[in-house]
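Numbering-wise (numbering that gives the first Met the number 0), the sequence shown opens with residue 0 and increments by one. Built from N, CA and C at the ideal position, the CB exists for glycine as well.
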Amino acid sequence: MAGLMVLAFAGMDAALAGTGQPSPWQINLQGAASPVMESIRSFHYFLLAIIVAVVLLVLVLLVIVMIRFNEKANPVPSRTTHNTLIEVAWTVVPVLILVAIAIPSFRLLFLELDLPKADMTVKATGHQWYWSYEYPDNGDFSFDSLMVPTEDLKPDQPRLLAVDNEVVVPVNKIVRIQVTGADVIHSFALPSFGIKIDAIPGRLNETWFQAEKEGVYYGQCSELCGKDHAFMPIAIRVVSEADFAAWVEKAKQEFASNETQAPERVARNDVPGTMMPGTMLPVAAAAAAR
Ligand SMILES: [Cu+2]
């Protein structure tokens, strides 16, 4: 029965959850576009089935107790206190359930953390409040990626997720993502690829994905990093190998000299009252002056 309920839920979820971006009334994980996310989703449904079964068992036992052993139905209670068989069972069964969860859980952890041989590397650096990307294997160009403000959105661009310069990667290739932070801790997260990894200043974290379908996939910074934490989305465009090669040629020219790119574009994206990196909150400034 638990299995049936989970199946129904999974069916409903397939209809409701978008892939690459959230969808209205979505109640479940986003659709999978990488092998890791597929494993995360099946592990999620496996856990859901176990949880539903446990909850139903407890519910049934409680109802039996309430009906059969209430004061009216059972005025003279038994004084039984120990039952070796039951006590062994309610210790061993949960242990077996935990072992059954631990095995696929560790398998999934290894899949996520044991990087396969990568076809290419993209380095993502979190800034307050945008991402910048480097392509060391494809000509070593780099660029900043800022959110498109609502008033500038094109019809096919989702609000708060679209960016001016998307990360472009080839389909079906293993992409290693190296992640770091330039100022504070950010987190690089993209639900449909099943990746979420902290961007920590002074440290290089790595993860990977293999996008299985062409399209645009969106993610967001997932570590509270300041005022515009919610406005530094991640957009990855997955294209064919030929389109990727063409894009690389174009990008090499376009981003050839962009060392001063960030500050003016951050200023454009900003609103009055902004705290730029390096400025202090009034309270902190007062404390420093003391
Ligand atoms: Cu951030």
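Measuring alpha carbon to alpha carbon, tell me which residue in the options is nearest residue i.
i, options, result
"residue 206", "90, 87 and 115", "115"
"residue 158", "166, 149, 164 and 165", "149"
"residue 32", "147, 214 and 145", "214"
"residue 147", "222, 65 and 155", "155"
"residue 187", "57, 28, 51 and 132", "132"
"residue 168", "192, 127 and 76", "192"
"residue 198", "180, 70 and 61", "180"
"residue 121", "140, 176, 77 and 130", "176"
"residue 185", "17, 79 and 231", "231"
"residue 220", "93, 189 and 97", "189"
"residue 228", "178, 87 and 160", "160"
Given a threshold of 16 other Cβ atoms within 10 Å of its Cβ, counted over all protein chains shown, does residue i qualify as buried or as exposed?
i, result
"residue 143", "buried"
"residue 123", "buried"
"residue 56", "exposed"
"residue 164", "buried"
"residue 234", "buried"
"residue 125", "buried"
"residue 40", "buried"
"residue 65", "exposed"
"residue 26", "exposed"
Enumerate in chain order the residues of its own chain whose CB-to-CB distance from residue i is below 8 Å, with the five nearest sequence positions on each side excluded.
i, result
"residue 95", "none"
"residue 103", "42 and 45"
"residue 99", "49"
"residue 19", "29, 30, 32, 191, 214, 215, 216 and 217"
"residue 73", "67"
Name the two residues that bound the continuous beta strand (DSSP E) containing residue i.
i, result
"residue 325", "There is no way to answer for residue 325, as the model of the chain reaches only from 0 to 289."
"residue 140", "140 to 144"
Identify the continuous alpha helix (DSSP H) that holds residue i and give its terminal residues.
i, result
"residue 83", "83 to 112"
"residue 65", "34 to 67"
"residue 166", "Premise fails: residue 166 lies in the beta strand (DSSP E), 166 to 169, not in any alpha helix (DSSP H)."
"residue 242", "240 to 253"
If I measure Cβ to Cβ from residue i and keep anything under 6 Å in the same chain, skipping five residues before and after, which residues do I get?
i, result
"residue 247", "137"
"residue 254", "140 and 142"
"residue 71", "none"
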